[in-house]
Structure formats: structure tokens, C-alpha cells
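Worksheet for the structure shown next.
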Amino acid sequence: MVDFGGWDMPLQYGSQIAEHHAVRRGAGVFDVSHMCIVDLEGARVRPFLLGLLANDVGKLKASGKALYGCMLNETGGVIDDLIVYFLDESRFRAVVNAGTRDKDLAWMRQHAARFGVELRERTDLAMLAVQGPEARGKAASLMSPTGAPAALALEPFFGREIDGWFIARTGYTGEDGFEIMLPATAAERVWKALNATGVLSCGLGARDTLRLEAGMNLYGNDMDESTHPFESGLGWTVALEPPGRAFVGREALEAIRARGPQRKLVGLLLSDRGVLRAHQRVLLADAGAGEITSGTFSPTLERSIALARVPAAAGERVQVDIRGKLHDARIVRPPFVRHGKALVS
289 MVDFGGWDMP LQYGSQIAEH HAVRRGAGVF DVSHMCIVDL EGARVRPFLL GLLANDVGKL
349 KASGKALYGC MLNETGGVID DLIVYFLDES RFRAVVNAGT RDKDLAWMRQ HAARFGVELR
409 ERTDLAMLAV QGPEARGKAA SLMSPTGAPA ALALEPFFGR EIDGWFIART GYTGEDGFEI
469 MLPATAAERV WKALNATGVL SCGLGARDTL RLEAGMNLYG NDMDESTHPF ESGLGWTVAL
529 EPPGRAFVGR EALEAIRARG PQRKLVGLLL SDRGVLRAHQ RVLLADAGAG EITSGTFSPT
589 LERSIALARV PAAAGERVQV DIRGKLHDAR IVRPPFVRHG KALVS
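Residue 289 is where the sequence shown starts when you use our numbering, and the numbers rise one by one after that.
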């Protein structure tokens, strides 16, 4: 057990490698109840979110549709990354990170006041992430005869209330699956029922190797308030169209885009033996140096992989300083693994 965002969290239940492979090959369940679920309610909740997020909630038309994006400060720094779900024109749901809960809620309340939007933290809900190629079928087997087909019919990045649970076809592993928000009082029973169907209990260790193989950012490692989306691999979450939409950080991002970002976030694949870790220096032949933001040994690839922030002019070949010794590495485009398949070699 380790501290994570003020919560006592399991690093692993048994073998971390076995938990990782269970998600890539079968199904695993993670207790992600530390994530902060917030219901946003009010007649002007959409205009509130249009100004709060760098991504555009105007894209959300169908009930249940989800959107991933960032809250930025005035300089374009990332306050947090989050998912929002459109429920109806007066109700959205947001899921934010545990470690940034207090500052996120304070920031959101500060901007919500002038829109008359109410924030309701759902501490009555737990959240279980069931992930892997067999995850949806095994989770649906616990639902009613009418609930199971409805859950299996959910499209990617959609959520829906089914049998008293909010089921979202989202995740943080690069595999298919559900993130289930359910009454906290039911979480232990559902966890054990999932175990009984062959879904393996998984901890933070496997969650980190899975998300890194999938090329997914971790707040506090790969981005924070000192970095902006364009240098964090998150430019795709910034919607500068339509040009008239004013959101916090827009002016700063437009200036950065106009002059060109000086750094970029890339994937690294180690060429020889060793383990890539956060904060190791990345040395470029003629373009300065960068730093690894997240690194691990990939159980799927059986290679060491990393995300690193490097100068924008970086080429394909770099070296990494591992305990004073330089190791060759290659810049690749994340993700490294998706849906169980290696995407780099």
C-alpha cells in the first residue's frame, strides 16, 4: 500500500506483471474511487464549460457523450486534465484527478459563480475501472437481462445510467472496458462478483505500466501548471475553432502557437538494456537536452519505454543518462501498445 493523492492505494495485489498481462489479454479491475466525481448543474452550465476548458464542449450533442480536455491557467499551464460527460443542457458530470481535487474544485467554483452553476462532489459514489478485451462482457454479466445489452451497446467515449450505475466506455489502459460509477456501499460486493467471473484485481503498478504503454499522460509527471498542452502531447485537446470562443488560457496558447513551441513530448524506446525512469536526462547530438517525464519497463514489449520532453528540433536518435552511463534510445510516436498490439518495434 502507498500514499497516492492522500489515499492509501494498493501498488499490487499479487504479481504486478500478471496484473498487467491480465488487462492486455483478459480483464482486470482497478479501484479508482480516489478520482473526484463532480456533477455540474445549472441553466448556464454549457457556457461555463465553454470558457473553462481548452477543448470545446460545443461538440457534445448526444446525451452521454464524453470529452477529454484540460483546464488551463491564464498562461496556458495545465491545472488538470479531466473527462466531462454531457447528460442534458442543465447537467454535466466531470471526473478530475485525486491529487488536484482541492485546487480543481476551488478553480471551478471561482468560475462557476457568475454562471449560477452548482458543483456537487459525489462522495457517495465509488468508481471501478474494468479493463481488457474481456472486460465489457464480464461486467455486463453482472447486470440485469435488460441492462446487459444496453451496456454492451455503448459506443466508445459514451456514458449512460444503467441499473443504477453510471457506465462509461472509457479507460486509462489502452484497452476496451468500462469505468463504472456506482453507490459506494455496493463497491465491495461488485468487486468480489467481478473476481468471481475471472476479472483480476489490479493495483497502481499495473495501471502505470498500462497507461504508459498506451501513451497516456499522468498529471504531475507529463504535464502540470508549468507546462502547456502543445509541449505536453496534448495539442489535439485544444480547440481554437471557433475563433470566437473565449476560454481561460486561449490568448497565451495563440501566442505560443504563433511563435512555435520550443519543446515537445515524445516517446522513447531504449535500444539496449536498462530501465528508463522519470527525471533522467535525454541528450541530443546537436539540439541540447531534455528530460524523461515518465519511464518504465514495458511488460508487453519487453523493452524499456518512456515519455520525454525534448527540444522541438530533436531528431530520431538520442542518448539517455542512466546512472552516469549513456544509453542509446530512439524517438517514436506514442502509443507504444494499443488493444494488445505492439505499435513500435
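Ideal Cβ positions, reconstructed from N, Cα and C, are used throughout, including at glycine.
Check, Outcome
"Cα-Cα separation between Leu571 and Glu604, rounded to whole angstroms", "12 Å"
"Contained beta strand (DSSP E) runs [length at least 3] in the segment 312-368, N- to C-terminal order", "316-319, 324-329, 354-360"
"Continuous beta strand (DSSP E) assignments of at least 3 residues falling wholly in the segment 376-421", "379-384, 406-409, 413-419"
"contact_flag[the segment 414-425, the segment 311-324] where n(CB pairs < 8 Å) is 3 or more", "yes"
"For Phe518, three-class secondary structure by DSSP", "helix"
"Beta-carbon separation (whole angstroms), Arg618 vs Leu564, contact threshold 8 Å", "Contact flag wrong, Cβ pair sits at about 12 Å."
"Neighbour-count burial assignment, Asn505, 16 or more Cβ in a 10 Å radius", "buried"
"Through-space distance from Asp560 to Ala306, alpha-carbon basis", "24 Å"
"Any beta strand (DSSP E) of 3 or more consecutive residues that is wholly inside the segment 504-584", "551-558, 569-571"
"Close beta carbons around Asp291, own chain, < 7 Å, minus the five adjacent residues each side", "none"
"The segment 346-355 touching the segment 318-331, judged by at least three CB pairs closer than 8 Å", "no"
"Beta-carbon proximity of Gly293 to Gly435, cut-off 8 Å", "no"
"Pick from Tyr301, Arg402, Asn385 that is closest to Phe336, judged by C-alpha positions", "Arg402"
"Test item: CB-CB of Gly447 and Ala456 under 8 Å", "yes"
"Straight-line Cα distance separating Trp479 from Ala472", "11 Å"
"Range covered by the beta strand (DSSP E) that runs through Val478", "Val478 -> not in any beta strand (DSSP E); alpha helix (DSSP H) instead, spanning 475-484."
"Through-space distance from Ile610 to Ala427, alpha-carbon basis", "42 Å"
"Arg538 burial status per 10 Å Cβ neighbour count (16 or more: buried)", "buried"
"Three CB pairs or more closer than 8 Å across the segment 623-631 and the segment 510-522", "no"
"Contact set for Ala602: own chain, Cβ-Cβ below 6 Å, skip 5 residues either direction", "Leu572, Ala575"
"Opening and closing residue of the beta strand (DSSP E) in which Gly435 lies", "No beta strand (DSSP E) contains Gly435, which is instead part of the alpha helix (DSSP H) from 435-440."
"Best match in Arg424, Leu528, Val536 for proximity to Thr485 [C-alpha to C-alpha]", "Arg424"
"As assigned by DSSP and simplified to three states, the class of Glu463", "coil"
"Secondary structure of Gly641, DSSP reduced to three states", "Because the chain in this structure spans residues 289 to 633, residue 641 falls outside the shown range and cannot be described."
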